[in-house]
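First the structure, in the form of structure tokens, and then the observations on it.
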Amino acid sequence: MDLPALQQQLRDFVAARDWARYHTPKNLVMAMSVEMAELVEHFQWLTPEESQALAHDEIKRDLVEQEMADVMLYMLQLADVMNVDIEDAMLRKMKLNAIKHPPRG
């Protein structure tokens with residue numbers, strides 16, 4: 150995935166709609182939180198087994214995928230607005246997690 154190209158597509162999408170003034174870090178985080186809540190809603194009250202089975206239900210999976218995409222798109226916009234190299238940030242965080250949580254055995 151070419152994240153910089155996707156971020157440029159998002160910039161173009163936002164610019165074409167004159168939304169940039171609304172896409173402050175605060176607003177993007179709030180919007181992402183709303184989308185995350187919409188994602189959570191698909192799993193609310195499901196048993197662990199039911200939540201795993203959801204992956205095999207084409208209609209429900211499509212709805213979940215849309216919410217996942219919304220969350221990620223807002224995250225990419227937040228990274229762009231804050232000038233964060235999100236790919237580098239994720240890789241650094243994975244290294245820190247590996248130190249904090251070493252493999253068992």
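Its first residue numbered 150, the sequence shown is counted upward by one per residue in the numbering used here. Every residue gets a Cβ at the ideal spot worked out from N, C-alpha and C, and that includes glycine.
Look at Leu195 here: in three-state DSSP terms it is coil, with no helix or strand label. Between Val230 and Leu177, the C-beta spacing is below 9 Å.
Counting of Cβ neighbours within 10 angstroms places Leu195 among the exposed residues, the total staying below 16.
Taking the Cα positions, Lys209 is about 30 Å away from Gln157. A Cβ-Cβ contact shorter than 9 Å links Leu159 with Gln226. Taking a contact as a CB-CB distance under 8 Å, the pair Leu212 and His191 counts as one, their CB atoms being some 6 Å apart.
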